[in-house]
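In this note's numbering, the protein residues as written are 28 to 589.
By construction, the Cβ of each residue, glycine as well, lies at the ideal position given by its N, Cα and C atoms.
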Amino acid sequence: MTTELEIGLYIFILAGFLGYHVITRVPPLLHTPLMSATNAISGISLIGSLVVAGANYSRLSTVLGFIAVTCSSTNVVGGFLITDRMLKMFKRREEVGIQRRRFKPKLLLAFPVLVVAFLVVMYWIRRSGTDTHSSSAALSVVALRYFYILSAVLFILGLKGLSSPKYARKGMLLAAFGMVMAIAGTLFHPEIVNYRWITLGLAIGSVVGGSMGLRIPMTAVPQRTALSHSLGALAASLIGISEYVRHVAVGLDSVKMTTIGLEVVIGSLTFTGSLMAAGKLQGILLFFAIVGLALLFGFLLVIPIGAADMPVVIALLNSYGGLADASMGFVLMNKIQIITGSLDGTSGFLLSLLMCRAMNRSAMNVLFGAFGKIEKQEVGPAAEAMGTVRSITPEELTVLFDSIRSVIVVPGYGMAVAQAQHGVSELAKLLSVRGIDVKYAIHPVAGRMPGHMNVLLAEANVPYDQLYTMEQINPYFPEADIALVVGANDVTNPAAKNNKNSPLYGMPILEVDRAKSIIVLKRSLRPGFAGVDNDLYYNPKCMMLFGDAKESLNKLFAALKS
Ligand code: NAP
């Protein structure tokens with residue numbers, strides 16, 4: 028006979044395959060929203076947390092459940108809000124300048140109406156059996172099961188919506204609806220008898236998540252994502268501990284013990300690892316505050332990895348967070364948690380593989396945590412032997428702009444550091460007005476997160492149909508009069524094609540060196556993330572506009588205007 032565990036495993040595997048098919052269709056443009064969307068969906072750990080917080084199992088369980096409810100609701104509210112903020116920014120050329128249309132009133136009205144209808148049905152089911160309490164409980168469990176199935180379908184449709192910027196927001200609205208239904212339905216779970224801690228946890232989580240989701244700047248999205256993973260993972264660990272304490276006296280069978288163990292171990296590892304990643308990205312040593320916690324595994328996993336490699340770690344921890352969620356699903360035998368855990372796990376794993384491929388690292392690197400250790404190596408001949416570096420002033424550059432017809436803008440991590448995306452967008456508009464064709468070249472790992480540049484440029488009102496992927500744009504470089512490199516370095520280094528001794532050798536790059544002339548905006552000749560000198564700067568066609576990218580763009584803009 029098929030056991031619950033076997034059914035759970037079937038669901039986990041099938042959801043993983045489905046997740047693979049849905050998530051591989053998400054274009055690189057939307058990879059950052061994908062990360063925060065799966066983050067929000069992984070807040071489904073909330074439903075297990077609600078039961079533990081409200082069931083009066085024991086005082087310890089209630090406290091652990093309350094913390095888990097607070098953490099998970101922070102993820103849900105913050106995750107959906109920031110995803111919507113990002114998606115609202117992606118516009119086509121003809122939509123720029125127009126305030127994004129709100130959702131149709133009918134659609135918005137349908138949302139609360141359906142939720143209220145659903146609550147009424149659940150309430151009625153619960154009330155109708157006041158006399159025969161057990162039959163009403165059984166009925167509400169059956170009703171819940173069907174609502175969970177519906178929620179799972181809505182989550183998958185939501186992720187499917189991310190395959191195009193056009194449908195992405197609607198998709199996320201469906202996913203949010205699925206989440207509200209799953210949460211609201213769980214409030215009628217027969218084991219829940221006390222709503223005090225649930226209400227408090229939901230209120231705190233919504234306020235914290237809401238302010239994070241509405242206020243966090245787009246440049247801080249990687250840190251927020253890491254912090255969010257840590258909260259989800261903490262919730263999973265706490266529920267695992269609560270379940271262990273609850274069942275240990277009556278004895279735990281090996282399956283239950285294994286799933287609880289997995290939930291707590293993966294959850295703890297992801298919690299510490301993600302906090303460390305957030306701390307490193309934020310530039311503070313947050314981990315000292317948590318060193319006292321005995322979550323040594325996550326600590327040891329992340330401590331040797333350089334701050335710049337945190338995005339790969341975050342995507343991988345996203346995947347671990349999904350596994351912790353799925354383990355929680357196995358512990359509580361809750362299928363929707365198994366499904367979302369599997370979707371989240373697949374998404375994080377695929378994104379980390381994608382980053383590794385774009386950085387020319389192997390999947391084995393990811394699996395065994397040996398990444399982040401690009402060794403500083405022989406960089407090649409001394410700078411003097413490589414040739415001369417030419418510099419240019421903003422005023423000289425304006426003269427160049429007088430005689431050209433096409434520019435390809437190449438943004439990189441320096442644009443994010445300088446917050447120069449608005450300057451880039453303003454300059455591009457001015458050039459377009461002068462009849463110059465402007466295209467943007469987006470490398471899959473430019474910046475520090477997949478899709479990082481897309482989000483920043485969308486924030487600066489750059490239409491997404493002006494953004495070209497590496498494969499699309501490379502054939503255009505030989506025709507481009509100017510390749511304008513704004514804070515990008517490694518993703519333009521020709522050593523990746525020409526120098527077998529370079530650590531970058533084999534990494535696909537933007538072929539900026541094939542443009543008729545190259546202008547690079549950065550502060551110095553210092554290397555980028557990989558710690559490798561860039562041969563491009565010694566190319567006779569290349570001129571350096573030294574300085575902070577935002578300031579240089581302001582000067583250039585002023586010079587062009589005058
Ligand atoms: P990069 O190679 O890290 O170079 C960024 C450049 O920006 C630096 O050389 C720096 O030069 C310049 N810069 C910093 N602050 C600046 C400012 N205020 N104004 C102007 N320039 C500034 O960046 P990239 O070309 O975008 O390449 C990304 C790297 O990150 C790749 O090696 C990639 O493998 C790695 N990575 C990416 C991801 C991802 O998902 N996107 C994940 C993991 C790793 P100065 O100091 O001279 O100004």
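- Going by DSSP, Ser433 is part of the beta strand (DSSP E) stretching over 433 to 438.
- The secondary-structure analysis by DSSP pairs Arg541 with nothing; it has no beta-bridge partner.
- Separation of the CB atoms of Ile365 and Phe39 is rounded to 5 Å, and the pair is thereby assigned contact status at 8 Å.
- In this structure, the alpha-carbon of Ala253 lies about 9 Å from that of Val340.
- Taking a 10 Å sphere around the C-beta of Phe44, we find fewer than 16 other C-beta atoms and assign the residue as exposed.
- Checking the 8 Å criterion, the Cβ of Val169 is out of range of every heavy atom belonging to ligand 1.
- Within the DSSP secondary-structure output, Asp464 pairs in a beta bridge with Ser433.
- Shown here, Val451 sits in a helix according to DSSP, grouped into three states.
- For Met360, the three-state secondary structure derived from DSSP is coil.
- Rounded to the nearest whole angstrom, the CA to CA distance from Leu457 to Pro244 is 26 Å.
- By the CB criterion at 9 Å, Tyr175 and Ala211 fall outside the cutoff.
- No Cβ-Cβ contact shorter than 9 Å links Met206 with Gly294.
- A distance criterion of 8 Å places the beta-carbon of Asp508 beyond contact range of ligand 1, judged by its closest non-hydrogen atom.
- Counting only runs that start and end inside the stretch 187 to 251, the alpha helix (DSSP H) elements of at least 4 residues fall at 192 to 213, 223 to 242.
- Separation of Ile266 and Gly106 (C-alpha to C-alpha, rounded to the nearest whole angstrom) is 21 Å.
- Residue side-chain check: Asp575 places its Cβ nearer than 8 Å to a non-hydrogen atom of ligand 1.
- Short note on Val148: C-beta not closer than 8 Å to any heavy atom of ligand 1.
- With three or more CB-CB distances shorter than 8 Å, the stretch 361 to 380 counts as touching the stretch 340 to 352.
- For Tyr84, the secondary structure class from DSSP, reduced to helix, strand or coil, is coil.
- For Ser374, the closest of His48, Asn528, Tyr37 by C-alpha to C-alpha distance is His48.
- Non-local C-beta neighbours of Leu580 in its own chain, meaning closer than 8 Å and more than five positions away in sequence, comprise Ala447, Gly450, Val451, Glu453, Leu454, Val513, Leu548, ordered along the chain.
- Nearest Cα to Ser100 within the set Pro490, Glu33, Ala230: Ala230.
- For Ser346, the shortest C-beta to heavy atom distance toward ligand 1 is 8 Å or greater.
- If only complete runs of 4 or more residues are kept, the stretch 473 to 534 shows the alpha helix (DSSP H) at 479 to 486, 497 to 500, 522 to 525, in order along the chain.
- Checking the DSSP bridge columns, you'll see Val140 has no partner listed.
- Counting along the chain, Leu56 sits inside no beta strand (DSSP E), nor does DSSP assign it H or E at all.
- For Phe44, the enclosing alpha helix (DSSP H) covers residues 31 to 50.
- Taking a cut-off of 8 Å on C-beta distances, the stretch 459 to 468 touches the stretch 482 to 502, as three or more cross pairs fall below it.
- With at least 16 other beta carbons inside 10 angstroms of its own, Asp111 counts as buried.
- Taking 8 Å as the cut-off, the C-beta of Asp560 does not count as close to any heavy atom of ligand 1.
- By the criterion of at least three beta-carbon pairs nearer than 8 Å, the stretch 113 to 120 is not in contact with the stretch 271 to 279.
- With respect to Ile268, Ile74 sits apart: the two C-beta atoms are not nearer than 9 Å.
- For Arg432, the number of other beta carbons within 10 angstroms of its own is below 16, and it is reported as exposed.
- Per DSSP, the unbroken alpha helix (DSSP H) holding Leu424 starts and ends at 421 to 428.
- The stretch 566 to 584 makes contact with the stretch 536 to 545, as at least three CB pairs between them are under 8 Å.
- Here Val559 is buried: its Cβ has 16 or more other Cβ atoms, across all protein chains shown, within 10 Å.
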